[in-house]
Amino acid sequence: MRSRNPVFSRRGFSRDNGYAGFNTAPQAGGPAVATQGNPYAQPTGDQYAQNPYAQNPYAQQDLQHGAPPQAPATTGRMTIDDVVLRTASTLGVLILTAALSWALLPIDDANISRSYGIGIGAALIGMVLAFVQSFKRKASPALILTYAAFEGVFLGVVSNIVDNRIADGAAMQAVIGTMAVFAGVLIAYKAGWIRVNRRFYGFVMAAALGFILLMTVNLLFAVFGGGDGLGFRSGALGVIFGVIGIILGACFLALDFKQVEDGIAYGAPREEAWFAAFGLTLTLVWIYLEFLRLISILNSSD
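Sequential numbering of the sequence shown, starting at 73, is according to the working numbering.
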């Protein structure tokens with residue numbers, strides 16, 4: 073298990089102790105994909121010959137004819153279309169439930185506490201589901217889509233409150249900002265302006281850990297001491313930490329893109345596309361919430 077996201081840990085495409093993207097650079101069809109650093113590589117002929125337990129129906133026939141045994145052809149590998157389709161499905165469920173909660177859960181003075189309670193409850197359920205999926209060995213589409221549904225309820229309620237009570241149009245601004253960050257990171261990654269390597273991964277993870285620890289301490293001070301805690305989520309410091317949160321989200325998007333790219337190059341099974349969709353959804357939710365919080369702080373300072 074390797075963390076790819078500032079909120080939750082989720083399994084990457086690597087089955088060993090390393091991150092797939094930081095092993096031998098994968099090249100489609102190249103020897104690095106077939107052997108070193110590839111958790112999905114099929115055993116070679118020599119490996120079949122040396123391993124009496126390898127399930128190769130063609131090994132005995134090939135050895136009888138003196139030809140090196142070959143692994144049977146494999147199908148059902150993950151493609152970029154699989155990732156796009158499953159990510160669109162996950163985000164579609166999230167957006168649908170967010171829109172329904174926005175429309176059906178009133179935030180007037182008489183009902184705001186109930187609606188906010190429902191939203192927080194949905195967020196907690198979504199968090200539990202996310203953790204469960206993170207530690208499962210296989211992707212569960214039903215679990216991932218259920219997580220997206222509950223997360224959508226939370227986002228719909230929170231966005232409605234911020235949009236109507238703090239900053240008019242904040243939700244749309246946060247959506248546009250999230251889309252802009254996604255597009256910008258994707259362009260930068262494909263153009264090679266962002267190089268995701270072990271150093272980049274280590275820096276991002278260290279920065280994210282420090283960020284989360286500071287936010288946790290700030291939350292504890294706010295809960296037990298009242299007010300805004302240490303002030304990391306209000307005023308000038310709040311703006312600075314909001315920008316840092318968005319930058320961290322952008323960095324995790326780059327890690328997500330690298331993870332998807334390596335999974336396709338390594339020939340990951342098609343069901344792994346659900347893990348990619350799950351991870352991208354987590355990251356996009358993180359960025360959206362940071363934008364929403366930043367917009368709230370800026371408007372509260374006016």
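Backbone N, C-alpha and C define an ideal beta-carbon position, used for all residues, glycine too.
For residue j and residue i, believed in contact at Cβ under 8 Å, the rounded distance
i	j	result
residue 321	residue 355	6 Å
residue 346	residue 216	6 Å
residue 165	residue 214	With 8 Å as the limit, residue 165 and residue 214 do not qualify as a contact, their Cβ atoms being about 11 Å apart.
residue 201	residue 219	4 Å
residue 239	residue 371	4 Å
residue 369	residue 306	6 Å
Top-ranked residue by Cα proximity to residue i, from the options
i	options	result
residue 362	319, 222, 329 and 211	319
residue 327	258, 296, 302 and 250	258
residue 167	334, 339, 268 and 226	226
residue 260	176, 329 and 152	329
residue 173	180, 190, 159 and 182	190
residue 315	206, 360, 268 and 183	360
Three-state secondary structure (DSSP) of residue i
i	result
residue 178	coil
residue 158	helix
residue 209	coil
residue 80	Residue placement at residue 80 cannot be trusted, given a pLDDT of 35 that sits under 50; the coordinates are not used to answer.
Exposure label - residue i; buried when at least 16 CB within 10 Å
i	result
residue 192	exposed
residue 332	buried
residue 310	buried
residue 232	buried
residue 210	exposed
residue 288	exposed
residue 265	exposed
residue 364	buried
residue 334	buried
residue 313	buried
residue 336	buried
beta-carbon residue i near the ligand FAD non-hydrogen atom, thresh 7 Å
i	result
residue 151	The model on display carries no ligand, and the ligand FAD is accordingly not part of it.
Suppose only complete runs of 4+ residues qualify. What are the alpha helix (DSSP H) ranges in the stretch 263-335, listed by chain order? 270-297
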